[in-house]
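Undergrad: Residue numbers (full-length UniProt numbering): 1 to 96.
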């Protein structure tokens with residue numbers, strides 16, 4: 001498994017470059033998941049999908065083609081849902 005992160009300031013094209021890279025990886029046969037943590041949730045625009053498709057599948061991968069899936073994560077929701085584990089982990093880090 002290989003993980004590639006795209007990071008940078010807002011508006012520089014992270015999502016576009018990630019999507020292009022993911023599409024190409026899928027084309028050459030790699031099973032690929034493009035995951036976005038961006039609050040703008042623009043993967044639906046890039047892949048010309050109805051926004052409600054991602055809303056209905058909230059936080060779950062959506063298959064685009066044979067080797068390509070996309071997923072948008074709501075970071076705030078995940079923090080709230082997993083706060084107990086996050087709190088334990090941070091406490092362990094700070095107490096060592």
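Where is the CB? At the ideal position from N, CA and C, for every residue including glycine.
Using the C-alpha atoms, what's the distance from residue 95 back to residue 24?
TA: C-alpha separation (whole angstroms): 44 Å.
Undergrad: Considering only the beta carbon of each residue, do residue 62 and residue 15 sit closer than 8 Å?
TA: Their beta carbons are not under 8 Å apart, which means residue 62 does not touch residue 15 by this criterion.
Undergrad: When you compare only the Cα positions, how much space is there between residue 22 and residue 34?
TA: Approximately 6 Å, taken between the alpha carbons.
Undergrad: Unbroken alpha helix (DSSP H) runs of length 4 or more, entirely within the UniProt domain "ArsA/GET3 Anion-transporting ATPase-like" (1–94): which are they?
TA: Complete alpha helix (DSSP H) runs here, min 4: 14–27, 43–46, 51–56, 75–81, 83–94.
Undergrad: Count the other C-beta atoms from every protein chain shown that fall within 10 angstroms of the C-beta of residue 7, then say buried if there are 16 or more, exposed otherwise.
TA: Burial call: exposed.
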